Amino acid sequence: MVVLDAKGISKSFPGVKALNNVDLTLNSGEIHCIVGENGAGKSTLVKILTGILTAEQGNLFIGGKLVDKSNKELYSKVAYVPQELNLFKYMTVAENIFLPFDKTSFPSFIVDTKKIEAATKPYLEKLNMTADPSSTIINIPVSEQQMLQVARAIARQNFSVLILDEPTTSLTRQETERFFTILHSLRDEGKSIVFISHKLDEVFSLGNRISVLRNGELVGVSDIKKVDSAWAIEKMTGEEIDVRRNYRPKTAPGELLLEVHKLSGIGFNDISFNVHKGEIVGFAGLVGAGRTEIMQTIFGYLPEKNGEVLFKGRKAKFRDTAASIKNGIIYLTEERKTHGILPYLSVRENIGVMLENQISTLGVVHSKADNSISDKVLRNYNVKATSREMKIINLSGGNQQKVLIGRTMESSPEIIIFDEPTKGIDVKTKEEIYLMMQKLAEEDQIGIILISSEIEELLKCSSRIITVYNGKKLGEFAGNQLNTGSILSSIIGITETNQTERAKL
Amino acid sequence: MKTQSGTNQNMAFRVVDYFRRSQIAGTMIVLGAILVVSSFVSNKFLTPYNLQIMVRSLAFTGMVSLGQGLLLLLGDIDLSVGAVAGLCGVICGKFAVEMHLNPYLAIVLALMFGLLFGAFNGLLVTSFKLNAIVLTIGMQTVYRGINQVITKGRTITGFPKNITVLGAGNVIGIPTPAIVLVAVFCLMYFLTRRTTYGRNVYAVGNSIDTAKMVGIKTQRVRIISYAICGFLAGLAGILMSMRLASAQASIGEIWVLPSIAAPVIGGVATTGGIGSITGALIGGAIMGVVSNIIVLGNVNIYWQQVLNGAIVVVAIIFDSFAQKFRKI
Chain A
438 MVVLDAKGIS
448 KSFPGVKALN
458 NVDLTLNSGE
468 IHCIVGENGA
478 GKSTLVKILT
488 GILTAEQGNL
498 FIGGKLVDKS
508 NKELYSKVAY
518 VPQELNLFKY
528 MTVAENIFLP
538 FDKTSFPSFI
548 VDTKKIEAAT
558 KPYLEKLNMT
568 ADPSSTIINI
578 PVSEQQMLQV
588 ARAIARQNFS
598 VLILDEPTTS
608 LTRQETERFF
618 TILHSLRDEG
628 KSIVFISHKL
638 DEVFSLGNRI
648 SVLRNGELVG
658 VSDIKKVDSA
668 WAIEKMTGEE
678 IDVRRNYRPK
688 TAPGELLLEV
698 HKLSGIGFND
708 ISFNVHKGEI
718 VGFAGLVGAG
728 RTEIMQTIFG
738 YLPEKNGEVL
748 FKGRKAKFRD
758 TAASIKNGII
768 YLTEERKTHG
778 ILPYLSVREN
788 IGVMLENQIS
798 TLGVVHSKAD
808 NSISDKVLRN
818 YNVKATSREM
828 KIINLSGGNQ
838 QKVLIGRTME
848 SSPEIIIFDE
858 PTKGIDVKTK
868 EEIYLMMQKL
878 AEEDQIGIIL
888 ISSEIEELLK
898 CSSRIITVYN
908 GKKLGEFAGN
918 QLNTGSILSS
928 IIGITETNQT
938 ERAKL
Chain B
8 MKTQSGTNQN
18 MAFRVVDYFR
28 RSQIAGTMIV
38 LGAILVVSSF
48 VSNKFLTPYN
58 LQIMVRSLAF
68 TGMVSLGQGL
78 LLLLGDIDLS
88 VGAVAGLCGV
98 ICGKFAVEMH
108 LNPYLAIVLA
118 LMFGLLFGAF
128 NGLLVTSFKL
138 NAIVLTIGMQ
148 TVYRGINQVI
158 TKGRTITGFP
168 KNITVLGAGN
178 VIGIPTPAIV
188 LVAVFCLMYF
198 LTRRTTYGRN
208 VYAVGNSIDT
218 AKMVGIKTQR
228 VRIISYAICG
238 FLAGLAGILM
248 SMRLASAQAS
258 IGEIWVLPSI
268 AAPVIGGVAT
278 TGGIGSITGA
288 LIGGAIMGVV
298 SNIIVLGNVN
308 IYWQQVLNGA
318 IVVVAIIFDS
328 FAQKFRKI
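Which chain is which? The protein sequence lines are A and B, in order.
Take the first sequence: its position 343, counted from the start at 1, is 780 in my numbering, and no numbers get skipped.
Take the second sequence: its position 140, counted from the start at 1, is 147 in my numbering, and no numbers get skipped.
If you want it as structure tokens, here you go:
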């Protein structure tokens, strides 16, 4: 049965045709996957299906009825779980599920906390969550927060469509698998599920049907059993990409750049490792294992507790990001939106802000140098922007990332820490970033630290891989030890010594 | 001729482009419209005498709002500007009149105090990660208190003539405070547009976390900005004392609200990072013209305050609409 039907949807933003004549049909009891590169129009389509935006052309039918101004309540049939966490951080799990109370099953003016918390339990059980209904959001793990967003969406009782936008980004492999069984049971109840993801392996293990968007157009719809990931990638990019390629630096590593000795800080203890010129050191671990904290401490953004860091044999200065950048240690953040870009400033200003000594004398900015350096970044890093004066917030995520990488390169770095550089970035831009890292290591002899939650990405790119579990370093893998099995068992806390100890017992 | 028209076109394009990007075209049009309407409402409006009065009085709040505008661009605020202005006027009077220092030296010293008061506010806000609104309301009372301690409630009179002209005089018909305002504006424009410091102000206002990540010393940028704001508040207070030829505790009491309203009317977002110093100046001009025409229109003195307040509220509502518009 068709529960939602979108016909010939078009939508434009200033200067961009975001969607062009897109059709989408959702049936009850099926999981429909939508894939596409960044900027392909996935988010715009979702916003139209959920009523956040209105299409310029085309019709949207929900439950067989045409949606127009008079019956906006039809949108309540569409439940939506956004990619970003948007929970009330200082309120409880139960309150987050049922707020606003008057629209859920608790219409009375006086709030009965116990009743609400009791009503929360079935949803938590359904999603296999361990959090207590009365715990505050900031005290539960990120993966639970992500599941809670799903719980909140399905607590709106009469939904027939559930849209999930990249729901697995902060879930571990096991949590993802559990999550998928839940989605299967929802599907079997007759709900229609829309699953948007960059992770094609997940799409193909989960979905029933697949739609591919490219540049705002629908370029392929198929029963998922009839196609494979090569087909999807080809449709998404318009050309074939070899997913099997490996991007490890082929040149031998050079001299020692960075030595970290028994470093402790917020969320990690006793971490030691080295980085040489021209190598890519991968950091594997679960979300929350402490990898980001280790790197931000070395960079000077978070305070250290103990230990020392030597850069080219000299003691590095802690708690001073400016000194780190001056020395050539640069950290590219995972939180691009909040810690990477200056949203309402132009691309030019976003580039110049890190390169002040190159574009100014005695604090006075030279417009010419300022302009030419940003033009150079836009050109060299193939950024799709209409002009350097465009506000950076209007670029797609992948292009923002290219700008940030470009400005980093202009500051003559010696060590670059990439924290989840391809999170939420499409397959084609991903490959561009891998090639860029390889080139930086091989040609410019830069020491690269790569944090990633995708084991495949780490295996493809790293010369060595260090695993971190619960704030502690567990292992270091190189050469023929670099395989999925050993890394995976290490990051979930099963080390060889552990195993032998257990064997002895 | 051909090249001439080519460069003209280029110039025209650049001017249009400038207005489009700096988002002040709208406020410029509003200012123009208000000027035209005002000249019809009252035939006294365009008289040289009235224009002098109007420009002189808007010069004082204008200086304060340029400083406040700078802080708003950072996402910061200083509600003690009025108290700092009054206190600096009194300090200047103490030095020049009661201690018989060289009057110019007295002004410079008083300005330094303004700078220090501002810097102190900034130091407190940034070191203890305080809410700027709450802290500066507290500091406002502290500075007012110090003012009372110094003056014991009395007015300091008897400034030497050679410095009172700085507040009360004219140069070729233009009130001296207005000339000072123009100079201050040029300096602030240069600072915010052409220097790395100015870039850093916008960066911090956009996202303080990102600013830290790219190596900006955010605490330094913020303290310097608070110091500049305190300096400008002090300057306005001192010039006002010169104009009145007396330093009174009450100077600056009603400047806080206009100092925030002017930048907001001129398109500076209260959340930081968006807007410009030029906008703050135009916003200040709009407020000055409106209060002038309210007086000329013989509005009852009690209703004048209601109207002035209402204009600010309307401007803030407008700002919130504008922000929604910008997000897309």
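Virtual Cβ for every residue (Gly too), placed ideally from N, Cα, C.
Quick caveat: nothing in here was measured; it's all calculated off a predicted structure.
- Looking at the DSSP output, A:K828 shares a beta bridge with A:S783.
- Along the length of the segment 194 to 240 of chain B, whole beta strand (DSSP E) runs at least 3 residues long do not occur.
- At least 7 Å separates the beta-carbon of B:I186 from that of B:P110.
- Residues of chain B whose Cβ lies closer than 8 Å to the Cβ of A:T775 are, in chain order, S214, D216 and T217.
- Assigned with DSSP and collapsed to three states, A:D442 falls in strand.
- Out of A:K828, A:R785 and A:Q837, the CA that lies nearest to the CA of A:K813 is found in A:R785.
- The three-state reading of DSSP puts B:A126 in helix, counting H, G and I together.
- In this structure, B:A269 is the residue among B:A269, B:V302, B:L288 and B:I284 with its C-alpha nearest to the C-alpha of B:F325.
- The DSSP-derived three-state label of A:D602 is strand.
- Runs of the alpha helix (DSSP H) lying entirely within the segment 804 to 856 of chain A and spanning at least 4 residues, in chain order: 804 to 817 and 834 to 847.
- With its beta carbon less than 7 Å from one in chain B, A:E793 belongs to the interface.
- Residues of the same chain with a CB within less than 8 Å of the CB of A:K628, apart from the 5 flanking positions on each side, are S465, G466, F596, S597, V598 and L599 in chain order.
- Taking a beta-carbon distance threshold of 7 Å, B:I31 does not count as an interface residue toward chain A.
- By the Cβ neighbour-count rule, B:W262 is buried, with 16 or more other Cβ atoms within 10 Å of its own.
- For B:G280, the closest Cβ of chain A is nearer than 7 Å.
- Where A:H621 is concerned, the enclosing alpha helix (DSSP H) starts and stops at R610 to D625.
- Residues of chain A whose Cβ lies closer than 8 Å to the Cβ of B:V221 are, in chain order, T758, I762, V790 and M791.
- The beta carbon of A:T770 sits closer than 7 Å to some beta carbon of chain B.
- Each of A:T770, A:I630 and A:I717 was checked against the Cα of A:A689, and the nearest Cα belongs to A:I717.
- Around the beta-carbon of A:P780, 16 or more other beta-carbon atoms lie within 10 Å, marking it buried.
- For the C-beta of B:T203, the chain A residues within less than 7 Å are, from N- to C-terminus, E793, S797, G800 and V802.
- Contact between B:V228 and B:I41 does not hold, since their C-beta atoms are separated by about 35 Å, which reaches or exceeds 8 Å.
- Runs of the beta strand (DSSP E) lying entirely within the segment 22 to 87 of chain B and spanning at least 3 residues: none are present.
- At a cut-off of 7 Å between C-beta atoms, B:Y209 counts as an interface residue with respect to chain A.
- Separation of the CB atoms of A:L739 and A:V712 is rounded to 19 Å, and the pair is thereby denied contact status at 8 Å.
- Restricting attention to A:A667, A:T674 and A:L643, the CA atom closest to the CA of A:G653 is found in A:T674.
- Annotated three-state conformation of B:G291 is helix, per DSSP.
- Judged by DSSP secondary structure, A:N652 falls outside any alpha helix (DSSP H); it is assigned neither H nor E.
- Distance between B:F52 and B:A32, taken at the CA atoms: about 24 Å.
- Between A:M874 and A:I885 a beta carbon distance of about 6 Å is seen, short of the 8 Å cut, so the two are scored as contacting.
- Pairing B:R151 with B:L94, the inter-Cα distance amounts to about 7 Å.
- By the 16-neighbour rule on beta-carbons within 10 angstroms, A:C898 is buried.
- Closest in C-alpha terms to A:L463, from the list A:K506, A:R624 and A:D757, comes A:R624.
- Residues of the segment 686 to 718 of chain A whose Cβ lies closer than 9 Å to any Cβ of chain B: none.
- A Cβ-Cβ separation of about 4 Å places B:A103 in contact with B:A113 under the 8 Å criterion.
- Under the three-state reduction of DSSP, A:D707 is assigned to strand.
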